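Residue numbers (our numbering): 365 to 563. Here the structure comes first, spelled out in structure tokens, and everything after it is commentary.
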């Protein structure tokens, strides 16, 4: 990738082309810098073709880049970094002096990105909670239906039990009355038999 960050014709290159700057990435994320490597004509034509090269510096690592890109990577004013494509990189082992306004801008952008990320996380969490609540409502409805069905079965069984108890009581009553009538009828017959013997 770094091969793209040089002139094909050394005669076209400024003197800085023959010097280089060591850029170190002190952050925990990969620095990706898109640097213009085309000529003026290509640039005026809207950057057609392969007019840009991608410089990637993994966390904690360093890369040697032609010094002609110093101001593109870090725009400085009186030794203070006020902008650039990657203003937080360390140049030749020196930690950059960054304009507080740029830091505030970076912090604001970070805060906005964090807010967006937190908002997305909250939305995802809310969706998950809503799905869980919906599932719980469905389970509660199912449980209520099962309890209603169980109550209906218990009511039917109680009614059948009551009806059976009534029939059983009626049968017992009829049996007792039948036994009583049979006992009473048997007593009269014995008396008649006794009277007939005497005659």
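Ideal Cβ placement from N, Cα and C applies to all residues, glycine included. Since we're looking at a predicted model, the values are computed, not measured.
Pull up the distance between the alpha-carbon of residue i and that of residue j, whole angstroms please.
{"i": "residue 544", "j": "residue 536", "result": "12 Å"}
{"i": "residue 481", "j": "residue 394", "result": "19 Å"}
{"i": "residue 431", "j": "residue 491", "result": "51 Å"}
{"i": "residue 416", "j": "residue 495", "result": "47 Å"}
{"i": "residue 485", "j": "residue 433", "result": "38 Å"}
{"i": "residue 465", "j": "residue 497", "result": "46 Å"}
{"i": "residue 527", "j": "residue 514", "result": "20 Å"}
{"i": "residue 441", "j": "residue 489", "result": "46 Å"}
{"i": "residue 449", "j": "residue 396", "result": "9 Å"}
{"i": "residue 451", "j": "residue 483", "result": "28 Å"}
{"i": "residue 454", "j": "residue 493", "result": "45 Å"}
{"i": "residue 525", "j": "residue 539", "result": "21 Å"}
{"i": "residue 531", "j": "residue 507", "result": "36 Å"}
{"i": "residue 446", "j": "residue 487", "result": "36 Å"}
{"i": "residue 462", "j": "residue 399", "result": "21 Å"}
{"i": "residue 548", "j": "residue 534", "result": "21 Å"}
{"i": "residue 421", "j": "residue 499", "result": "47 Å"}
{"i": "residue 423", "j": "residue 386", "result": "14 Å"}
{"i": "residue 458", "j": "residue 390", "result": "11 Å"}
{"i": "residue 518", "j": "residue 542", "result": "35 Å"}
{"i": "residue 523", "j": "residue 546", "result": "34 Å"}
If you reduce the DSSP assignment to three classes, tell me which class residue i lands in.
{"i": "residue 478", "result": "helix"}
{"i": "residue 385", "result": "strand"}
Should residue i go down as buried or exposed, given a rule of 16 or more other Cβ atoms within 10 Å for buried?
{"i": "residue 505", "result": "exposed"}
{"i": "residue 511", "result": "exposed"}
{"i": "residue 343", "result": "Residue 343 cannot be examined here, being either before or after the span of the chain that is shown, 365 to 563."}
{"i": "residue 444", "result": "exposed"}
{"i": "residue 362", "result": "Given that the chain is displayed from residue 365 to residue 563, the structure contains no residue 362 and the question cannot be resolved."}
{"i": "residue 456", "result": "exposed"}
{"i": "residue 503", "result": "exposed"}
{"i": "residue 460", "result": "buried"}
{"i": "residue 429", "result": "buried"}
{"i": "residue 401", "result": "buried"}
{"i": "residue 418", "result": "exposed"}
Any beta-carbon of chain C closer than 9 Å to the one on residue i?
{"i": "residue 418", "result": "Annotation note: the requested chain C is absent from the structure, which comprises a single protein chain."}
Beta carbon of residue i: closer than 8 Å to some heavy atom of the ligand GTP?
{"i": "residue 539", "result": "Of the ligands one can find in the structure shown there are none, so the ligand GTP has no counterpart to examine."}
Handout entry: alpha helix (DSSP H) segments (min. 4 residues) lying fully within the stretch 405-464
Key = Taken in chain order, the whole alpha helix (DSSP H) runs of length 4 or more contained in the stretch 405-464 are 434-437.
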